[in-house]
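Written out below as structure tokens is the structure these notes cover.
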Amino acid sequence: MRRSGPFRLAGAAVHRAVVLLFAAFAVFPFYWMVVTAFKQNSDLYVGAMNTAHNPFIFNQAPTLDHVKYLFTETPYPTWLFNTLSVGLIVVAVTLALAVPAGYSLARLSGRWGERLGIGVFLTYLVPSTLLFIPFSRLISILGLQNTTWALVLVYPTFTVPFCTWLLMGFFKSLPAEIEESAMVDGCSRLGATVRVILPLSVPGLLTAVIFSLTLVFQEFVYSLTFISSVEKMTVSVGVPVALIRGDVYYWGSLMAACLVTSVPLAVVYNLFLDRFIGGITGGAVKG
Amino acid sequence: MDDAKTKGRISRRDLLKAAGVGVLAAGIGPAVVIPGRARAANKTLKIVQWSHFVPSYDKWFDPWAKSWGASRGVDVVVDHVSIGDVVPRATAEVAAQAGHDVHMFLGLASAFEEHVIDLSDAVRTIEKKHGPQLGLAKRSTYNPFTRKQFALSDMWVADPGDYLKSVWTEIGMPGGPSTWEDLVKAAPEIKKKHPEMQIPIGIGLSQELDSNMAARGMLWCFGGSIQDKEGNVVLNSPETLHALEYAKRLFSAGMTRAVLSWTPASNNQALNARETAYILNSISAYRSAQDNKLPVADDIFFTPALKGPTGIQLASEHVMSGYVVWKFSKNQDLAKEFLVALVDASRDSALASKLYNLPSFYGAAADPGVPAAKRPKAGSDWVAGQCKSDPFGSKPADKLTVLAAADQWSTNIGYPGFANPAEGEIFDTFVVTDMFAKAATGALSPKEALAEADTRAKQIFNKWRKKGFVGGGSKDR
Amino acid sequence: MNMKRDRFLGAVLLLPALAFIALLVGAPFLMALVLAVTTSSAGSLDVTFVGLQNFRDVFGSPVFRTALRNTLVFTLASQAAVILLGNVLAVALKKAFRGRSFVRFLILMPWAAPIALSTLGWLWIFDSTFSAINWILKVSGYFGPGEWYYWLGDTALGMIAVVTVHVWRMLPFTTVIILAGLTSIPEEVHEAADIDGAGFFSKLFHVTIPMMLPILFVAVLFGTVFTFTDMSVVYLLTRGGPYNSTHVLASLAFQEGVLGGDVGRGAAIALFLLPLLVVMAVLMLRRSRRAEVL
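Chains as they are written, first to last, in the working numbering: chain C, 18 to 304; chain V, 56 to 532; chain Z, 5 to 298.
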């Protein structure tokens, strides 16, 4: 770096400003949620034209009522559990289907593989509005109505194409010589894959896992229509059902629910971020 | 060569193992579910209910339904959905041809007519016990063209005006507005006295329930309507145009674009924050102010429907329950019995909802023992008595008196005709609200807005006529 | 022999995924295609064939044309913003600084929040009466007397709100992808450029951007596909209002097909842009594949 002192200082200041600005943009709604979750209602419902009433601070003593309501009057912990368990099973199914398929497309299918890979990805483009009606029928034929298994069946329709394609790219980025040398040492193709390639693929697998989880946690349309019992709902559906009562929104409890769901998840994502980044680039850009 | 073969076999076995994982994962689902299904084969009555606006209602309904089932050796399952999800859930169940036995609609169930059973016999049973149902309940649940009682209504909710008495007293109208014209007159006065108030008059023009009701009220009071009694589309009329021109005046006199963004909760919140002085809503805004111990509660008072220029005084019902029993249900008789029992419990239901629900069969709210012929009057008197002396802490206690005669100025979606699937689709896709919103804000001229809505309304009616669910057409205007 | 066995193994490994996709996406998709040319209503599958009537009706509807335009605006605006901001943010985050881990955590939060709930937070932020943004604008003196933003009650502001929320939610994801791309450029490349005496901009245009191009393609592709097919922000924030002027195709398809019960019409709306999307995706996939990143 051949920059002189003042330039570097200015650069550092700009850098800090940029980082702060982005952090503020990302966090603003969450800050707002925190304030709302702990505000008394009479502090909350004050119009914004009232400049004397700062909505960003507690003008009256904060209250735990809304959080208490969320945990005692709604089955919120159950919804969390459901969301998490659907997420994990979907991840398992997705990996079971997408890892072999991704590997096959990368290594074993020749020119065909590339076209098929694109074809697989394209299925991700089909809008969910179109699949909504056929899925309902399918789920009832299988007797999965109002079970979380319906979601386990349906969610892989968007995680599998995506992850297959992602993993295909990742496997391609690993040099083929790795398996070949293992196979020379007497391993079968599959043995070589399992023993040598999979351990190297952890970042790629992790990426697929996080992508699948995110997609599952974000989804609400299918969940809304295929699950009807309150105790089987996922967070995205259960919370609005219990806390938006026609023309009354329980703002405090709604915001609390969003916070309690997001924060731990963000912590987990952050923990794995570096490996995740490794997974996206496949650990290698060919020079 | 031998070597290669062995290797091949091993690799194939490995492979089967790997494939097995996938199959297993996919296979676990059904395997685990089957026991659940077997249990469900015992008599279970499954009901979809909305999450009631007044939470105490759910606390009454769920155990009540369960204990009703227990007395018959039936398992009753009640599942709640939020108001916006009632229709998507129904769509999914029809597509699946499975799900619940009973589905509760708010507003119109008519779009699902071909998928539900006729409930005339249940209605007859109830009428024999309690006397006739309200006209507007009948017109919301019966299709005269197909002669089918496609739904059964146990309750409805009135849509009075809610106003801040202190504000209206300051401008010399302590009783609140009584005509639509009063709103236009009052708006500038309110602005003068309360410049801090964002939306002096808060009539929603958004894509939501309350606005849908308000727009219809305006349309009818000016003499317009979507259809006539026979189901001809008559939206394109000087009366509709008149209503749209009025909406434009009202908007510029006392409203802001805020009303175009409203959710069903917004008018409540605005009133409770004293950001508006008049809204059209059920009493839920008021009840939530009470529940939240907001001081504004004591300042909220009610008016009946407003009058139009020729004296027509009509408001749409705010909610009209419409219970349907699906054709695919295997417990249809049980479902009917349940609905009859629900109507029988009208009095408890009204109280559990803090007088939000009014009975569709007033007779069902009468004291036990009153003979059938006298029940409607007796029930209506009981309801009036409750409204005149609110048991839920109103100050003054007679604040809800307006509701006692609400059936006089309330009517159904589809007025002056009956509800039908075309009216339902127009309602659900916001054709009329959008027409009013466009005209009021000047996005389109009233004429253009009317023309656009008229085209769409006719498309929808024609589609349903072709399917044989809607009559009329020969006198479309 | 070996080749043959590999082919066989390849087919077997691929089969479960392909079968799953064919059964659960392919078959329902074909069924949806059929629905688009029928008068299917409210989920029933007994249908009358109407040819291209649904497409004709839909195309004649002003609401549809608005939604079509909005979809393009929504996608282009939010993608442009996300790619631009994502690059800036990724560069900022690549540098080591104190508290980086915490900042990264904060920036990842929008990604972790379920959209159905976080949009409710935004709904409250954009509320016409209680908007915190308006309060700031008012207090800071930006609003003169009588001035006010009705965020979700105005077509233009409504679209801005929708795009803002979508950018907010997509930004972490895109940033992470771009960050991955930046990280993958070997340090030696930069050093070599430095030795050659390349300035900041020359380095940017001759080294960083060309090397980043493949991964940018990926980011744009993901983002575009995701944005195009997404109805959640519009559906949760404006529900298409005011007067159906902020709909995108996906949310309009849901309103007409599922809420309004006209399944054929809904399917026609949802299908409308699919061909365009497919062509675009294929082109981009080929492009990014050639670069062999991902």
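A virtual CB, placed ideally from N, CA and C, is assigned to each residue, including glycine.
Keep in mind the model is a prediction, meaning the values are calculated, not measured.
Range covered by the alpha helix (DSSP H) that runs through V:M210: Segment M210 to V212 is the beta strand (DSSP E) holding V:M210; no alpha helix (DSSP H) there.
In angstroms, rounded to a whole number, what distance separates the CA positions of V:K385 and V:L397? Roughly 20 Å between the two C-alpha positions.
Give the straight-line distance between the Cα atoms of Z:F24 and Z:F33, rounded to the nearest whole angstrom. Cα to Cα, the separation comes out at about 13 Å.
Whole angstroms is fine: what's the gap from C:A273's alpha carbon to C:P257's? Each residue's alpha carbon lies about 12 Å from the other.
Are the beta-carbon atoms belonging to V:G527 and V:Q282 less than 8 Å from one another? Yes, the pair counts as a contact, with Cβ atoms nearer than the cut-off.
Along the beta strand (DSSP E) that carries V:V133, what are the first and last residues, could you check? It spans D130 to V136 - the beta strand (DSSP E) in which V:V133 sits, taken as one unbroken run.
So for V:P380, helix, strand or coil by DSSP? It is worth fixing the name first, because residue 380 of chain V is Val in this sequence and not Pro. Strand.
Alpha helix (DSSP H) runs wholly inside the segment 228-254 of chain V, at least 4 long, in chain order: Assignment of alpha helix (DSSP H) within the segment 228-254 of chain V, counting only whole runs of 4 or more residues, yields 235-248 in chain order.
Cβ-based burial, C:Y48 [other Cβ within 10 Å; buried from 16]: Under this definition C:Y48 is an exposed residue.
Does any residue of chain Z bring its CB to less than 8 Å from the CB of V:K493? When Cβ-Cβ separations below 8 Å define contact, V:K493 makes contact with chain Z.
Answer yes or no: do V:E478 and V:I468 have a C-beta to C-beta separation smaller than 8 Å? In contact: V:E478 and V:I468 (Cβ atoms closer than 8 Å).
Could you say which of V:A360, V:A474, V:A439 and V:A461 lies nearest to V:E236 if we only look at CA atoms? Ranking V:A360, V:A474, V:A439 and V:A461 by Cα distance to V:E236 puts V:A360 first.
Are at least three pairs of beta-carbons, each pair with one atom in the segment 178-197 of chain V and one in the segment 116-136 of chain V, less than 8 Å apart? The segment 178-197 of chain V vs the segment 116-136 of chain V: no contact.
Quick check: the Cα distance between Z:V41 and Z:R269, rounded to an integer number of angstroms? In a straight line, the C-alpha of Z:V41 is about 9 Å away from that of Z:R269.
Z:G270 versus chain C: which residues are under 7 Å apart at the beta carbon? Near Z:G270 (Cβ distances below 7 Å), the residues of chain C are T146.
Between the segment 327-341 of chain V and chain C, which residues of the former have a C-beta closer than 8 Å to a C-beta of the latter? Answer in chain order: N327, A328, R329, E330, N336, S337, S339 and A340.
Would the beta-carbon of Z:A274 fall within 8 Å of that of Z:A285? At least 8 Å separates the beta-carbon of Z:A274 from that of Z:A285.
Between which two residues does the alpha helix (DSSP H) carrying Z:T228 extend? Secondary structure note for Z:T228: its alpha helix (DSSP H) is the uninterrupted segment I213 to F232.
Examine chain V for any beta-carbon lying closer than 8 Å to the beta-carbon of Z:G30, and answer yes or no. With 8 Å as the cut-off, Z:G30 does not count as an interface residue toward chain V.
C:S305, buried or exposed, once every other Cβ within 10 Å from all chains shown has been counted against 16: A question about residue 305 of chain C goes unanswered here, because the residues of chain C that appear run from 18 up to 304.
Determine the direct distance from the alpha carbon of V:P110 to that of C:F237, and round the result to whole angstroms. Cα to Cα, C:F237 sits roughly 24 Å from V:P110.
Coarse secondary structure for V:L161, derived from DSSP in three states: Three-state result, V:L161: strand.
Run through DSSP, which three-state label would Z:Y154 get? In this structure, DSSP gives Z:Y154 a state outside helix and strand, which the three-state scheme calls coil.
Would Z:V297 be called buried (16 or more neighbouring beta carbons within 10 Å of its own) or exposed? Residue confidence is low: Z:V297 scores 42 on pLDDT, short of 50, so the model does not pin down where it sits. No coordinate-derived value is stated.
Report yes or no: is there a C-beta of chain V within less than 8 Å of the C-beta of C:A78? Contacts with chain V at 8 Å (Cβ-Cβ) do not include C:A78.
Backbone CA spacing between V:G418 and V:S401 [nearest angstrom]: If I take the Cα positions, the gap works out to 9 Å.
Closer than 8 Å to chain Z by CB, C:A54: No, because no Cβ of chain Z sits closer than 8 Å to the Cβ of C:A54.
Go to V:Q104, then tell me how far its beta strand (DSSP E) extends in each direction, as first and last residue. Looking at the DSSP string, the run of the beta strand (DSSP E) that includes V:Q104 is T99 to W105.
Could you check how far apart the C-beta atoms of C:A43 and Z:S135 are, in whole angstroms? I think they sit under 8 Å. Your pair C:A43 and Z:S135 does not check out as a contact, with CB atoms roughly 19 Å apart and the cut at 8 Å.
Per DSSP, what kind of secondary structure is V:P350 in: helix, strand or coil? The three-state reading of DSSP puts V:P350 in helix, counting H, G and I together.
Contained alpha helix (DSSP H) runs [length at least 4] in the segment 225-265 of chain C, N- to C-terminal order: If we require 4 residues or more, the alpha helix (DSSP H) runs fully inside the segment 225-265 of chain C come out as 238-243 and 252-260.
Decide if Z:F101 is buried, meaning its Cβ has at least 16 other Cβ atoms within 10 Å, or exposed. Exposure of Z:F101 is indicated by the presence of fewer than 16 other C-beta atoms within 10 angstroms of its C-beta.
Sequence-distant residues of the same chain with beta carbon closer than 6 Å to C:T111, five excluded per side: Around C:T111: P173, T176, V177, C180 and S229.
State whether the segment 77-93 of chain C contacts the segment 156-172 of chain Z, with contact taken as three or more CB pairs (one from each stretch) at a distance under 8 Å. Not touching, per the Cβ criterion.
Quick one: give me the first and last residue of the beta strand (DSSP E) that V:L219 is part of. If you look at V:L219, you'll find it in the beta strand (DSSP E) that goes G216 to L219.
Please determine if the segment 175-182 of chain V and the segment 342-360 of chain V are in contact, where contact requires at least 3 C-beta pairs separated by less than 8 Å. The segment 175-182 of chain V, when compared against the segment 342-360 of chain V, does not touch it at the 8 Å Cβ threshold.
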